[in-house]
Amino acid sequence: MRLAKDSLSVELSTPLFGSKKVGFWLDPYLNIAFTIRSAGVDSYPTIDQLRIGNLPVPYPFAVWVAEKIITGMPNEKMLTLFALHDELTRAFGSLELSPQQAVLQFNVDREVLDHLSWDLQRVTVPPEVFAISKIYGATLRDYLSRLPKERRAVALSEILPPLAAVAAERSRTGSSPQKENTALLFALSDHLVHSSRSSVTSYSPEIRLRRRQDLAQHVINSASIAATAGVSLAEIISTGKEAFDARYRSGFSFSDLTANRVGIKLAQLAVESEASALEFQSRVQKIRSDADLIPLVSSNRDGLSQREFEASYDDRTSVEYRRRVDSIDKEVAALPLFSATTK
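Quick note on my numbering: the sequence shown kicks off at 777 and runs consecutively.
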């Protein structure tokens, strides 16, 4: 990437056939270059100088090709992409470019953030992982259906071990443990998202963590985003949600932040390497209570208004805030689930 006044030049290279060579030791790549130009405040940026290889491509033709590619996708992913486009379009604020930095501003509310986080998972999850996730979704529904009908809630610490056992068994028979773990987290996130929107049957018990459904959602949604789309994006989304809550809703919550940090740590263990993925499966099967999954962080303060938060911590770049987050990270890392070393 290269920054200039009012423009951002991007050059990228992607393998045409994934990691497969097509013969004669060839590993062909597709080179794409384009320039994004800022059109001022409240105006959408424009893309010009699009080039594929050495061939200049007119922008209207590129848009037409992109639409054809999207409409040729499986219906579920196509609809998700269109929904994501609509949400980003509505939320777009401005793009300011200079030789020193690029500043992209979105105007979002909590509902938009929730939709974005789920749509990003749906778009970024590989088709093979999406297919595997159906196995974990079916396993989860079967487990919940066998619980007594009068039972209104089940602990996340009860749900995870049997799912991890399935992942371990499938990994032993040759499946990729990283893909199995990603599919497990994605399936759980799918269930939690849809159950919170009341589309799951009424007798399905809530999945909770420390008796709170929202904490279970924070852990699993952050874990799934980190596993499918990366840790950085998971941190951006979780921070954005907490900032919105502090200003407009229930207030800033260190309990929620702790749950998000647990989710990200869980994803790192689940997918960082084959060795860590197998450790994830082994350790998660040993979870017996919520205390094995999330610390009861000392001196947690929840429901802080924006004014109260700023009085105590100034902002999220302050030394005081970073010290508080570091303390939470240490308590999370000290859990047996994360504290043992992996190769």
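Where a beta carbon is used, it is the ideal one built from N, C-alpha and C, also for glycine.
Residue j beta carbon less than 9 Å from that of residue i
i	j	result
Glu1096	Asp1105	no
Leu1069	Ile1063	yes
Ser754	Ser980	With the chain covering 777 to 1119 only, the question about residue 754 has no answer from this structure.
Glu787	Ile808	yes
Val1101	Thr1004	no
Asn997	Ser1094	no
Leu960	Tyr919	no
Leu1122	Ser1029	The structure shown has nothing for residue 1122, since the chain only spans 777 to 1119.
Leu810	Leu831	The amino acid at residue 810 is misidentified as Leu; the sequence shows Phe. In this structure, Leu831 does not lie closer than 9 Å to Phe810 by Cβ.
Arg1092	Thr1015	yes
Bridge partners - residue i, DSSP secondary structure assignment
i	result
Ala765	There is no way to answer for residue 765, as the model of the chain reaches only from 777 to 1119.
Phe1028	Leu1080
Pro832	Arg827
Arg988	Leu985
Whole-number beta carbon distance between residue j and residue i, since they are thought to touch under 8 Å
i	j	result
Val995	Leu985	6 Å
Ala944	Gln1057	4 Å
Gly1027	Asp990	Contact flag wrong, Cβ pair sits at about 13 Å.
Val1047	Thr949	Not really, about 19 Å apart at Cβ, beyond 8 Å.
Ile1013	Ile1001	6 Å
Ala941	Gln1061	6 Å
Close beta carbons around residue i, own chain, < 6 Å, minus the five adjacent residues each side
i	result
Phe1114	Lys1041
Glu904	none
Ser947	Pro953, Glu956
Val798	Low local confidence applies: a pLDDT of 46 at Val798 is under 50, so the model's placement there is unreliable, with the coordinate-based value given in what follows. Closer than 6 Å at Cβ, skipping near neighbours: no residue.
Ala907	none
Other residues of its chain near residue i: CB distance less than 8 Å, five sequence neighbours each side excluded
i	result
Val1007	Ile1040, Ala1043, Gln1044
Leu916	Ile935, Leu939, Ala963, Leu964, His967
Arg987	Ala929
Ser1065	Ala931, Ser933
Residue-level contact to chain B via CB, residue i, 9 Å cutoff
i	result
Leu896	The structure shown contains no chain B; it is built from a single protein chain.
7 Å CB neighbourhood of residue i in its chain, flanking five on each side removed
i	result
Pro937	Val1060, Gln1061, Ile1063
Val833	Leu826, Arg827
Discussion item. For the region 1052 to 1061 against the region 951 to 966, do three or more pairs of beta-carbon atoms, one drawn from each stretch, fall closer than 8 Å, so that the two count as touching?
Written reply: Segments in contact, yes.
Worksheet item: On the three-pair Cβ rule with 8 Å, is the region 925 to 942 touching the region 1030 to 1041?
Response: Fewer than three Cβ pairs drawn from the region 925 to 942 and the region 1030 to 1041 lie within less than 8 Å of each other, which leaves the two stretches out of contact.
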